[in-house]
Amino acid sequence: MAAESGAASGTAGSPGNKVGAGSAASPSPASAGSVKGTDGGSWSGSDVGETKVDSDPTAYIKAAAAVGAGSAGATATTATTATTATTAAAPAAASAAAGGTDIQVKPADQKPRTPEERWSEFATAQEAPPSRPVRILRAVGRGLVHEYTLVIVAALLVAVAMTWPTLRYPAYTIPQDIWDPTLQAWQMAWSGHILLTDPANLWNANTFFPEKYSFAFSDSLLGYAPAGMIGTGPEAALIRYNIMFVLAHALTLIGAYALVRQLGAGRIGGAVAGLAFTFAPWRLAQEGHLHIISAGGIPLALAMLARGHGFSLRHGYRPERRHVGWAVGGWLVAAWQVSLGFGIGLPFAYVLALVVLVSAIVYGIRTVLRRRKPFGKKLLIADLIGGAIFAAVGALIALPYFRVTELHPYAQRNIAEIDFFSPPWRSLLLAPKESLPWGDLHEPAREGLPWPPEMTLLPGFALYALALIGLLFSVWKLHVRLLLLAGAVVAAVLALGMEVFDGRYTYVPLFDFLPGWNGIRTPGRLIMWTTLFLGILAAGAVSEFGRRAHRVARTRIPSWPGPWLRAAMVIPVLLVLAEGLNRTAHPVVPVQPAAMRTVDGPMLVLPTAELSDMHVMLWSTTTFQQVANGGSGFTPRRTAELRKAAETFPDPVSIGYLRSLGIRTVVLLRDSAPGTPWERAGDVPVESLGITREDLEDSVVFRL
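Below, the structure is given as structure tokens:
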């Protein structure tokens, strides 16, 4: 019971205790032993022997708490012991509190703890590092909510919706018409097939037999060759084409968004520019030209190059944001874009060359004036290597085209042809017939155009309005806005071809002096650059509105205007998207005749004509036999002569001519013959002509 009595009367702070200034609770005077403190104070306890332990504040606090909780006869002594006194460990004090057992004395040879070790007991316990599966899951989670993950998903969904019903029956229908799209479906199939089987003959295609370099008669879409390696036959070619058609729209949207974001616009501004660039009304007339629709590599390459060099229109040059990898990637994307065709790739190459020239001049001036280079050697080397790759790819692809112009000089464009395809000024306000909001309204105005598909150049009325606002109200600085306006005007003037000053000071100098420019047939497609510049101006206005809306939402109390202002930012997105709504046709492609799957070449398929031959090219994708048929941007003279000579087939003259070219088989399609010179060719006796015939279900096969 002595222990209970001591606990009741010897508690720290009780009237019977001796407490000095700042003292802690001290044991009862009846305590038999004491622990000496380093400053002369003592801690007495009935079961504590005199000893000296390491100075550990944490141990002291624990021991004091244990003693104060109910130790037998424990009291406090002087306050100086609280800061400098040594004490026994907490387990010893707890033992004393429990039953008066002796405190375990710390061995004299134990190494004193460092200050960090003394106070470590007060620190929060460190979390164990996550396991590899957890780290992977966290990385995947961050990737799924990343801005550009969401952009890619949104772009794919918008592209599918805006091009619908392209993917509804992808094996049977094709967008716009059944002519150029079937040619381009064949192009992708041929490039994939020949690169797997005989790459050396890439440019000597199986069509236009016996012409050489026939794959270079049109823009080749060579960059899509990897897709052409999957599947064989016309149905696979159609599915491939329709998928790439949708993906081309998605990539264009992603590229334009990335460029505008890199230049300094906000997310909504990037969406407005991306949608306006991808679904501008003028593009609806080009839906049958995949090499024109496939423009996504242009803004994407510019975005990657700008990011690699730490450049933006809003913030200028920021060297701390440079990244060699992005710069190299930008050059590679630019090279891929050129590989799709020179129709839009050649102007892009010259724009990129102009950017490089201006950058080189600025680089040289800053190096001389500041006695230091604007960016490091690694980035400079990356630009040199990337630029060399870009130039090499362009040159290698251009070689067969130059060879074609040597073999067929008449294939080059002339000023008269450019003049025919030059749109008038009012074309900048006209939409094609495929435009859902404007097509019918603009039909009377389109009737006076010589070639409406290439002369309806409306970028969008909403885009015009937003770009005009962007001249006055924008996140871009004034000189940037003026430069963007100048770029849009220059591109629009060039898109009009010979319309401005008869082209004497605008288009003709480019046609005469820039290599390859005379291969561009229609100047109106340069409106793409006007659309891009206007999109950047519009993004500046939308981004500035968003910035001010965010400021108002943060300063107003209550913040009820905030959500309404943010919702108002969606209106520009809806406007530019609405102008891209379309009614593009999706006709059914003619079915492949059975003979095209079994008959070997070289062969001629009748009837033959510029447009219908494009179907024959598509049908040949099963075995890629050599066919004399072919359709492209121009007609070789020998092909024209062959069509003329074959009009009397089967007769001795036509048979002799075909044999002289190496053609050994002629396939007559019965369903296509009515209304053509070959309407009765299937009924002519051939026994006296030295040839044989085989009647199939849908065709007649003549073997020469």
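Note that numbering that gives the first Met the number 0 has the sequence shown beginning at 0, numbered continuously upward. Note that CB positions come from ideal geometry on N, CA and C, so glycine has one too. No experiment lies behind these values; they were computed from the predicted model shown.
Residue i to residue j span [Cα, whole Å]
{"i": "Phe510", "j": "Glu146", "result": "42 Å"}
{"i": "Ser434", "j": "Gly579", "result": "7 Å"}
{"i": "Phe341", "j": "Leu368", "result": "39 Å"}
{"i": "Leu703", "j": "Thr231", "result": "28 Å"}
{"i": "Ala410", "j": "Ala548", "result": "56 Å"}
{"i": "Phe532", "j": "Ala540", "result": "13 Å"}
{"i": "Met602", "j": "Leu194", "result": "23 Å"}
{"i": "Ser54", "j": "Thr113", "result": "With a pLDDT of 45 at Ser54, under the threshold of 50, the modelled position of that residue is not reliable, and no figure is offered here."}
{"i": "Gly12", "j": "Pro129", "result": "Residue placement at Gly12 is poorly supported in this model, since its pLDDT is 38, which falls under 50; the coordinates are not used for a value here."}
{"i": "Ala95", "j": "Ile135", "result": "With a pLDDT of 41 at Ala95, under the threshold of 50, the modelled position of this residue cannot be trusted; read the value that follows with caution. For Ala95 and Ile135, the distance between alpha carbons rounds to 52 Å."}
{"i": "Glu416", "j": "Arg520", "result": "7 Å"}
{"i": "Trp325", "j": "Glu319", "result": "14 Å"}
{"i": "Ala294", "j": "Thr554", "result": "42 Å"}
{"i": "Arg565", "j": "Glu543", "result": "12 Å"}
{"i": "Ala23", "j": "Ala127", "result": "For Ala23, the pLDDT reaches just 38, beneath the cut-off of 50, and the residue's location in the model is therefore unreliable, leaving the point undetermined."}
{"i": "Val354", "j": "Val492", "result": "20 Å"}
{"i": "Trp475", "j": "Gly363", "result": "26 Å"}
{"i": "Trp528", "j": "Tyr256", "result": "15 Å"}
{"i": "Leu398", "j": "Gly515", "result": "11 Å"}
{"i": "Arg282", "j": "Leu246", "result": "15 Å"}
{"i": "Pro90", "j": "Pro132", "result": "Bear in mind that a pLDDT of 43 at Pro90, under 50, signals an unreliable position, so the number given afterwards is only what the model happens to contain. Cα-Cα distance, rounded: 41 Å."}
{"i": "Met243", "j": "Phe623", "result": "21 Å"}
{"i": "Pro346", "j": "Gly496", "result": "14 Å"}
{"i": "Ala537", "j": "Asp599", "result": "57 Å"}
{"i": "Gln183", "j": "Leu339", "result": "11 Å"}
{"i": "Val34", "j": "Gln125", "result": "Per-residue confidence for Val34 stands at a pLDDT of 40, beneath the threshold of 50, marking its modelled position as unreliable; the derived number appears in the next sentence. Those two C-alpha atoms are separated by around 36 Å."}
{"i": "Asp694", "j": "Tyr223", "result": "38 Å"}
Interface flag, residue i vs chain B, CB-CB below 8 Å
{"i": "Leu657", "result": "The chain labelled as chain B is not found in the depicted structure, where only one protein chain is given."}
The beta strand (DSSP E) enclosing residue i, as first and last residue numbers
{"i": "Arg702", "result": "698-702"}
{"i": "Val665", "result": "664-668"}
Check: residue i C-beta below 7 Å from any heavy atom of the ligand HEM
{"i": "Tyr656", "result": "With respect to the ligand HEM, the structure shown offers nothing to examine, as it has no ligands at all."}
Beta-bridge partners of residue i, as assigned by DSSP
{"i": "Glu693", "result": "Val700"}
{"i": "Gly315", "result": "Ser311"}
{"i": "Ser358", "result": "In the DSSP output, where bridge partners are listed per residue, Ser358 has none listed."}
{"i": "Val626", "result": "Met602"}
{"i": "Ser434", "result": "Asn581"}
{"i": "Val587", "result": "Thr172"}
Endpoints, the alpha helix (DSSP H) within which residue i is located
{"i": "Leu603", "result": "Taken as a continuous stretch (DSSP letters only), Leu603 belongs to no alpha helix (DSSP H), being part of the beta strand (DSSP E) at 602-605."}
{"i": "Tyr656", "result": "651-660"}
{"i": "Asp682", "result": "It is not in any alpha helix (DSSP H) - Asp682 carries neither H nor E in the DSSP assignment."}
{"i": "Pro233", "result": "232-262"}
{"i": "Lys643", "result": "636-644"}
{"i": "Ala538", "result": "526-554"}
{"i": "Ala170", "result": "It is not in any alpha helix (DSSP H) - Ala170 carries neither H nor E in the DSSP assignment."}
{"i": "Thr521", "result": "Neither: Thr521 is in no alpha helix (DSSP H) and is coded neither H nor E."}
{"i": "Trp185", "result": "179-196"}
{"i": "Ser611", "result": "611-618"}
Proximity below 8 Å, CB of residue i to CB of residue j
{"i": "Met568", "j": "Ile267", "result": "yes"}
{"i": "Thr158", "j": "His248", "result": "It should be pointed out that residue 158 corresponds to Ala in this sequence rather than to Thr. It is a contact, given that the beta carbons lie within the stated cut-off."}
{"i": "Ile297", "j": "Gly263", "result": "no"}
{"i": "Met616", "j": "Thr181", "result": "yes"}
{"i": "Thr664", "j": "Trp185", "result": "no"}
{"i": "His290", "j": "Asp176", "result": "no"}
{"i": "Phe208", "j": "Ala494", "result": "no"}
{"i": "Val259", "j": "Leu465", "result": "no"}
{"i": "Leu456", "j": "Gly523", "result": "yes"}
{"i": "Ala275", "j": "Gly486", "result": "no"}
{"i": "Ala381", "j": "Val327", "result": "yes"}
Beta-carbon proximity list for residue i, same chain, < 7 Å, skipping 5 on both sides
{"i": "Pro649", "result": "Ala680, Val683, Val685, Leu688, Ile690, Phe701"}
{"i": "Ala300", "result": "Gly329, Val332, Ala333, Gln336"}
{"i": "Gly655", "result": "none"}
{"i": "Val587", "result": "Tyr171, Thr172"}
{"i": "Phe310", "result": "Tyr316"}
{"i": "Leu574", "result": "Ala461"}
{"i": "Asn581", "result": "Leu283, Glu433, Ser434, Leu435"}
Spatial neighbours of residue i in its chain, beta-carbon cut-off 8 Å, leaving aside the 5 residues before and after
{"i": "Asp697", "result": "Pro592, Ala593, Ala594, Leu668, Arg669, Asp670"}
{"i": "Asn203", "result": "Lys211, Tyr212, Ser213, Phe214"}
{"i": "Leu513", "result": "Tyr349"}
Same chain, Cβ closer than 6 Å to residue i, five either side skipped, listed in chain order
{"i": "Trp178", "result": "Leu610, Met613"}
{"i": "Leu470", "result": "Arg480"}
{"i": "Arg402", "result": "Tyr212"}
{"i": "Ala188", "result": "Gly227, Ala236, Thr620"}
{"i": "Asn517", "result": "Gln411, Arg412, Phe510"}
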